[in-house]
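Before any comments, here is the structure.
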């Protein structure tokens, strides 16, 4: 089923912990933002702030460090663009009102005032696109750095001047090591999808950044971290980078979006292909060869080689399908995303590279061909549908031979979302017993501040989502170098 369903967000809980938190804003117009920025916000089709924006914007404007996480579907991962606005709007406001904003054009070493670090190239491009929209027709320049593209091309681009820089960790450190980028003038350091970067192999790179000789100390720079989960050990690590930070949670972090109808099939590995084809054909995907459809289906697999194989299998069955994974060239990844977004290929088979950071609108159905290894990743995956109050559907293939460690958590997610639990899944959970991965995962999903568990200021934000109107009209600049900031 599809349709807008804002009523489920009435009474959503917002939790702010830490000292002297500012009150939330109730509208962009009454937030004290610069008039030029307000015009760009309106032009970007943002009309009223979401809960994460209501609380994060005044916190950042007050020059406080912030660790923010929000329920899938509550404004952080409900639409990637909505949470990008939560930190980009106050940063652009600071720079756009700075009468002494440096003109760093033609400098061999660029000294950005704000750096946003994100784990994927696609997310970096989206951040750069949104930054250009909010700073449109101003002296602020935003640019991007990511792997898979010529370093000479990117070097020449940022020499034109760069106040806001979005970058992947590896490419950013490469430019810093070569003297092309310096942290010396940095005001804002933002880590997006912070839990993934700190917990999935990016920790040394992040530590190298914050400990770099040119990096201003914490308390001098402002550090912002955004994520959908913050397990306790990740919070403890991140707190080393932050000064007197506020901890913001919106909704129940780590819970699945109740607007996503979750369905499970017990399927052995060798039966998955036929089951997938059957589901796609039943949904009418083969009809798009004759009739255009705006619906999108996102299929997740664990192995790169499976992504291309299954995409080819579906295409041979008259279901237009493309794929995206880490081994594809950057231009191939962008072409696949473009084909998916335009509806040319309404089915996208993806590995985890697409599970985070991509805002793909009109995803009506997420299929977990392979369930992920962690329950956190499951929540993120099905969060690709059911966004901004739209009803979505998630279908997962459960293989008893490989997925039993997740079964207890899957059962609990269904119960918490008030959705029926299949009898066979309950039996699997009973069989798994204590060997199953418990719902708290790696030290917990991070729904509370580890500094003072249970003592945060909880706000019952009644009608918080009555203020959600529309997501931005544009979601992606395929070519990061487009001069048209409005896509």
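In the numbering used here, the protein residues as written are 11 to 497.
Ideal Cβ positions, reconstructed from N, Cα and C, are used throughout, including at glycine.
Inter-residue spacing [alpha-carbon to alpha-carbon] between residue i and residue j
| i | j | result |
| --- | --- | --- |
| residue 176 | residue 103 | 17 Å |
| residue 33 | residue 65 | 7 Å |
| residue 31 | residue 71 | 11 Å |
| residue 508 | residue 273 | The question about residue 508 has no answer, for the chain in this structure spans 11 to 497. |
| residue 35 | residue 307 | 36 Å |
| residue 143 | residue 283 | 42 Å |
| residue 347 | residue 325 | 16 Å |
| residue 169 | residue 110 | 19 Å |
| residue 395 | residue 117 | 43 Å |
| residue 374 | residue 359 | 14 Å |
| residue 182 | residue 115 | 19 Å |
| residue 288 | residue 429 | 24 Å |
| residue 411 | residue 280 | 12 Å |
| residue 384 | residue 407 | 15 Å |
| residue 341 | residue 437 | 46 Å |
| residue 202 | residue 236 | 5 Å |
| residue 68 | residue 128 | 23 Å |
| residue 334 | residue 40 | 42 Å |
| residue 292 | residue 327 | 13 Å |
Paired residues, beta bridge with residue i - DSSP
| i | result |
| --- | --- |
| residue 306 | 373 |
| residue 311 | DSSP, once it has assigned bridges, lists no residue as partnering residue 311. |
| residue 408 | 276 |
| residue 360 | 310 and 334 |
| residue 378 | 310 and 406 |
| residue 120 | 191 |
| residue 27 | 257 |
| residue 47 | For residue 47, which the question treats as bridged, DSSP gives no partner whatsoever. |
Proximity below 8 Å, CB of residue i to CB of residue j
| i | j | result |
| --- | --- | --- |
| residue 95 | residue 56 | yes |
| residue 8 | residue 178 | Residue 8 is absent from the structure shown; the chain starts at 11 and stops at 497. |
| residue 285 | residue 361 | no |
| residue 167 | residue 197 | no |
| residue 420 | residue 441 | no |
| residue 106 | residue 46 | yes |
| residue 425 | residue 405 | no |
| residue 311 | residue 329 | no |
| residue 27 | residue 319 | no |
| residue 309 | residue 379 | yes |
| residue 269 | residue 372 | no |
| residue 173 | residue 98 | no |
Own chain partners of residue i with C-beta closer than 6 Å, once the 5 adjacent residues on each side are dropped
| i | result |
| --- | --- |
| residue 233 | 75, 199, 251 and 252 |
| residue 349 | 332 and 355 |
| residue 226 | 196 |
| residue 220 | 251 |
| residue 271 | 403 |
| residue 29 | none |
| residue 317 | 311, 333, 335, 359 and 361 |
| residue 204 | 235 and 237 |
| residue 43 | 103 |
Residues of its chain near residue i, where Cβ-Cβ distance is below 8 Å and the 5 sequence neighbours each way are ignored
| i | result |
| --- | --- |
| residue 160 | none |
| residue 339 | 158 |
| residue 192 | 119, 120, 121, 186 and 224 |
| residue 446 | With a pLDDT of only 49 at residue 446, under 50, the local geometry of the prediction cannot be trusted, and no value is derived from it. |
Sequence-distant residues of its chain with Cβ nearer than 7 Å to residue i (five each side left out)
| i | result |
| --- | --- |
| residue 337 | 314 |
| residue 432 | 274 |
| residue 215 | 179, 180 and 183 |
| residue 321 | 331, 332, 333 and 359 |
| residue 153 | 138, 167, 168, 172 and 175 |
Please go through the stretch 230-296 and give each complete beta strand (DSSP E) segment of 3 or more residues, from N-terminal end onward. 232-237, 256-260 and 270-276
Enumerate, from N- to C-terminal direction, the unbroken beta strand (DSSP E) stretches of 3 or more residues contained entirely within the stretch 170-233. 174-177 and 198-202
Counting only runs that start and end within the stretch 413-438, where is the alpha helix (DSSP H) found for 4 or more residues in a row? 417-426
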